[in-house]
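Enquirer: So the sequence shown is residues 1130 to 1488, counted in the working numbering.
Before I ask anything, let me first share the structure, which is written out below as structure tokens.
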Amino acid sequence: MKVVEELITWAKTLPAWQADAVRRIWVNRTISETDIIEVYELLKVENGMSTSETVPIPFGKDHVASGTVHQKHTVLKGLLPTKNVNAIVSDAPLRFSYRGVTIVYGDNAAGKSGYSRILKRACRARGATALIYPNVFAATASKEPAQADIYAEIDGKPEEALQWSDGETPPECLANIAVFDAQTARLYVDEANEVRYIPYGLDVFEKLAGLCRALQLRINGEIHALPKDPDIMKDLVGEGKPIPVVSADTTEDLIDERTPFPESDAKRLEELRKELVRLRAQDPTKEAAIWKRLCSRIQQLRLTLGQVRQICSDESVQLLKTKQKELKDSKVAASLAAQQAFGKRACTRNRQRDLALLV
């Protein structure tokens, strides 16, 4: 199974908010402040801490590009923007050569970037965050999404036009087209121009861990910002309560005297402290290594026992008895043949030889 396929399978086991975060990391290659806020809201909704109507979109096959999980063979043949793609107005598609390299050139604002934006979003290129705006010089602003016809040859069949609309799931076969530009290059070369290699897709784990740390800081911040409840002692103070009044003269001894801690609770607290120390002392990596070694030994023991079982089987024992009987019969036959051929002297020598072999 490929790495991306395993990543999709793994994402299905995650809580909805984490699966949504994986999608954002994969598609946008990073997590923005807006993403952190929205994922945090999803986290609170999933745990009953918010009533937001935000719906998570888990990471899945529709968000993957470059033929990693899609099996169709696709050849890009042409591209025709049809509606709301910057200021491009052309009735003729941009054609791509079946072999070799197609070079597109022109003056600034001629529309070159507009064509690339369509391909990046339609082919699910990572880092394709640039929005496609309609013609800003038009008399009235259009609210419809960008649209285009993408011409492709699929599995050797005749060319067909695939309708693409921004915001909708692109045709699956277009995921086999890899789009690479300066923005996607940041996946491999960071801002300090330090070249480093990360297997395709595995950067998701590091960035998801960073997101979880950022969410933890937000949670802790909200906890510390919670107002202190002035009535927190109301169950202990007042008429008919263990402590009649709390003032500057109230001592800890008085509070301990009036609010005893049961022996059972003390015992349970001590158990929890010991368990906490044990959990902190355990190293998951070392524990995993120990279990792997035990598993390897058990597997080797299983193979050895299987071989012993085969050697000691009823069939093997019966075969050994048969061979022993054949050996005994052969010796008797050889002795008789020697006696008949060479007489008693030869028989005696054979018997002596057999005894020497036995010794």
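Ideal placement from N, C-alpha and C gives every residue a C-beta, glycine not left out.
Just so you know, these numbers come straight off a predicted model, no measurement behind them.
Could you spell out where the alpha helix (DSSP H) holding THR1433 opens and where it closes?
Expert: One-based indexing of the sequence shown puts residue 1433 at position 304. Here the alpha helix (DSSP H) through THR1433 covers 1413-1440.
Enquirer: Determine the DSSP secondary structure at GLY1207, reduced to helix, strand or coil.
Expert: For the purposes of this step, residue 1207 is identified with residue 78 of the sequence shown, where counting begins at 1. The answer is strand: DSSP assigns GLY1207 an E or B state.
Enquirer: Between ARG1250, ASN1215, PRO1210 and ILE1232, which has its C-alpha nearest ASP1191's C-alpha?
Expert: Numbered from 1 along the sequence shown, position 62 holds the residue referred to as residue 1191. The shortest C-alpha separation from ASP1191 is found at ARG1250.
Enquirer: Taking 8 Å as the limit between beta carbons, can you name the residues of its chain near LEU1408, skipping five residues before and five after?
Expert: For the purposes of this step, residue 1408 is identified with residue 279 of the sequence shown, where counting begins at 1. Excluding sequence neighbours, LEU1408 sits near nothing in its chain.
Enquirer: Per DSSP, ARG1224 is paired with what?
Expert: What you label residue 1224 is simply residue 95 of the sequence shown in a count that begins at 1. Answer by DSSP bridge pairing, in chain order: GLY1207.
Enquirer: Can you tell me whether ASP1149 is buried or exposed, with buried defined as 16 or more other CB within 10 angstroms of its CB?
Expert: The residue you call residue 1149 lines up with position 20 of the sequence shown. Classification for ASP1149: buried.
Enquirer: Could you tell me how far apart the beta carbons of ALA1536 and ILE1261 are, in whole angstroms, since I believe they sit closer than 8 Å?
Expert: Residue coverage of the chain in this structure runs from 1130 to 1488, which leaves residue 1536 outside it and unanswerable.
Enquirer: Give the secondary structure of VAL1214 by DSSP, where H, G and I count as helix, E and B as strand, and everything else as coil.
Expert: Start at 1 with the first residue of the sequence shown, and residue 1214 comes out as number 85. If DSSP states are grouped into helix, strand and coil, VAL1214 belongs with coil.
Enquirer: Tell me the rounded alpha-carbon separation between ILE1247 and PRO1263.
Expert: Translated into the one-based positions of the sequence shown, residue 1247 becomes position 118. Translated into the one-based positions of the sequence shown, residue 1263 becomes position 134. Using only the alpha carbons, I get a separation of about 12 Å.
Enquirer: Skipping 5 residues on each side, what residues in its chain have a beta carbon closer than 8 Å to that of ALA1321?
Expert: Locating residue 1321 in the sequence shown gives position 192, where the first residue counts as 1. In this predicted model, ALA1321 has a pLDDT of only 46, less than 50, meaning its place in the structure is not dependable enough to derive any value.
Enquirer: With a threshold of 16 other CB atoms inside 10 Å of the CB of ALA1470, please say whether the residue is buried or exposed.
Expert: Position 341 of the sequence shown, counting from 1, holds the residue named residue 1470. So ALA1470 counts as exposed.
Enquirer: Please classify GLN1147 as buried or exposed, where buried requires at least 16 other C-beta atoms within 10 Å of its C-beta.
Expert: Walking along the sequence shown from the start, residue 1147 turns up at place 18. GLN1147 comes out buried.
Enquirer: Whose CA, out of SER1242, LYS1450 and ARG1387, lies closest to the CA of PHE1309?
Expert: Stepping through the sequence shown from its first residue, residue 1309 is reached at position 180. Closest by alpha carbon: SER1242.
Enquirer: Who are LEU1291's beta bridge partners in DSSP?
Expert: Taking the sequence shown and counting its residues from 1, one reaches residue 1291 at position 162. Note: LEU1291 sits in a beta bridge opposite ILE1279.
Enquirer: Please report how far the alpha carbon of GLU1273 lies from the alpha carbon of ALA1418, in whole angstroms.
Expert: On the sequence shown, position 144 is the one that residue 1273 refers to. On the sequence shown, position 289 is the one that residue 1418 refers to. The alpha-carbon atoms of GLU1273 and ALA1418 are separated by roughly 56 Å.
Enquirer: If we ignore side chains and look at the alpha-carbon of each, how far apart do GLU1399 and SER1393 end up?
Expert: Locating residue 1399 in the sequence shown gives position 270, where the first residue counts as 1. Locating residue 1393 in the sequence shown gives position 264, where the first residue counts as 1. So the alpha carbons of these two residues sit roughly 10 Å apart.
Enquirer: Could you give the first and the last residue of the continuous alpha helix (DSSP H) run that contains LYS1141?
Expert: Along the sequence shown, one-based indexing puts residue 1141 at 12. Per DSSP, LYS1141 belongs to no alpha helix (DSSP H) and is neither H nor E.
Enquirer: Which term fits VAL1499, buried or exposed, when burial requires 16 or more other beta carbons within 10 angstroms of its beta carbon?
Expert: Only positions 1130 to 1488 of the chain appear in the structure, and residue 1499 is not among them; the question remains open.
Enquirer: Taking the alpha-carbon of ARG1224 as reference, which of ARG1402, LYS1131, LEU1291 and VAL1233 has the nearest alpha-carbon?
Expert: As a position in the sequence shown, residue 1224 is number 95, starting the count at 1. Residue VAL1233 is the option with its Cα nearest to ARG1224.
Enquirer: Can you tell me which of the three DSSP states ALA1470 falls into?
Expert: Within the sequence shown, numbered from 1, the residue matching residue 1470 stands at position 341. Reduced to three states, the DSSP call for ALA1470 is helix.
Enquirer: Assuming ASP1278 and LEU1209 are in contact, meaning their beta carbons sit under 8 Å apart, how far apart are those beta carbons, in whole angstroms?
Expert: The residue labelled residue 1278 in the question sits at position 149 within the sequence shown. The residue labelled residue 1209 in the question sits at position 80 within the sequence shown. With a Cβ gap of about 4 Å, ASP1278 and LEU1209 count as contacting.
Enquirer: Determine the contact status of ALA1304 and ARG1253, defining contact as a CB-CB distance below 9 Å.
Expert: By one-based count along the sequence shown, residue 1304 stands at place 175. By one-based count along the sequence shown, residue 1253 stands at place 124. Their beta carbons are under 9 Å apart, which means ALA1304 touches ARG1253 by this criterion.
Enquirer: Can you give me the start and stop residues for the alpha helix (DSSP H) that LYS1403 sits inside?
Expert: Numbered from 1 along the sequence shown, position 274 holds the residue referred to as residue 1403. Unbroken alpha helix (DSSP H) run through LYS1403: 1392-1410.
Enquirer: How about the region 1334-1353 and the region 1160-1179: do they share at least three Cβ pairs that are nearer than 8 Å?
Expert: Touching, yes, given that three or more Cβ pairs across the two stretches are closer than 8 Å.
Enquirer: What residue range is occupied by the uninterrupted alpha helix (DSSP H) comprising ALA1354?
Expert: By 1-based counting over the sequence shown, the position of residue 1354 is 225. Per DSSP, ALA1354 belongs to the alpha helix (DSSP H) from 1332-1354.
Enquirer: Can you look up VAL1366 in the DSSP assignment and give me helix, strand or coil?
Expert: Against the sequence shown, residue 1366 aligns to sequence position 237. Residue state, collapsed to three classes: strand.
Enquirer: Leaving out the 5 sequence neighbours to the left and right, which residues in its chain are closer than 6 Å to ALA1290 when beta-carbon positions are compared?
Expert: Residue numbering aside, residue 1290 sits at position 161 when the sequence shown is read from its first letter. Taken in chain order, the residues that qualify are ASP1278 and TYR1280.
Enquirer: Going straight from the alpha carbon of GLU1170 to that of LYS1336, what length do you get?
Expert: Within the sequence shown, the letter at position 41 stands for residue 1170. Within the sequence shown, the letter at position 207 stands for residue 1336. For GLU1170 and LYS1336, the distance between alpha carbons rounds to 18 Å.
Enquirer: Hey, could you find the ends of the alpha helix (DSSP H) LEU1172 is sitting in?
Expert: The sequence position of residue 1172 within the sequence shown is 43, counting from 1. Run containing LEU1172: 1162-1175, per the alpha helix (DSSP H) assignment.
Enquirer: I'd like to know whether the C-beta atoms of ASP1360 and ARG1158 end up nearer to each other than 9 Å.
Expert: To locate residue 1360, count along the sequence shown from 1; it is residue 231. To locate residue 1158, count along the sequence shown from 1; it is residue 29. Cβ distance not < 9 Å, so ASP1360 and ARG1158 don't count as in contact.
Enquirer: What is the rounded straight-line gap between the Cα of GLU1444 and the Cα of LEU1432?
Expert: The sequence position of residue 1444 within the sequence shown is 315, counting from 1. The sequence position of residue 1432 within the sequence shown is 303, counting from 1. Between GLU1444 and LEU1432, the C-alpha separation is close to 19 Å.
Enquirer: Are GLU1282 and THR1231 close, meaning C-beta to C-beta below 9 Å?
Expert: Position 153 of the sequence shown holds residue 1282. Position 102 of the sequence shown holds residue 1231. No, the Cβ-Cβ distance between GLU1282 and THR1231 is not below 9 Å.
Enquirer: So which of PHE1334, GLN1453 and VAL1174 has the shortest CA-CA distance to ILE1154?
Expert: Sequence index remark: in the sequence shown, residue 1154 carries index 25 (1-based). With distances taken between Cα atoms, ILE1154 lies closest to PHE1334.
Enquirer: Distance check for GLU1351 and PRO1413, CA to CA, integer angstroms please.
Expert: As a position in the sequence shown, residue 1413 is number 284, starting the count at 1. As a position in the sequence shown, residue 1351 is number 222, starting the count at 1. So the alpha carbons of these two residues sit roughly 30 Å apart.
Enquirer: Would you call ASN1349 buried or exposed, if buried means 16 or more other Cβ atoms sit within 10 Å of its Cβ?
Expert: For the purposes of this step, residue 1349 is taken as the residue at position 220 of the sequence shown. Exposed.
Enquirer: Considering GLY1128, what are the terminal residues of the alpha helix (DSSP H) in which it resides?
Expert: Only positions 1130 to 1488 of the chain appear in the structure, and residue 1128 is not among them; the question remains open.
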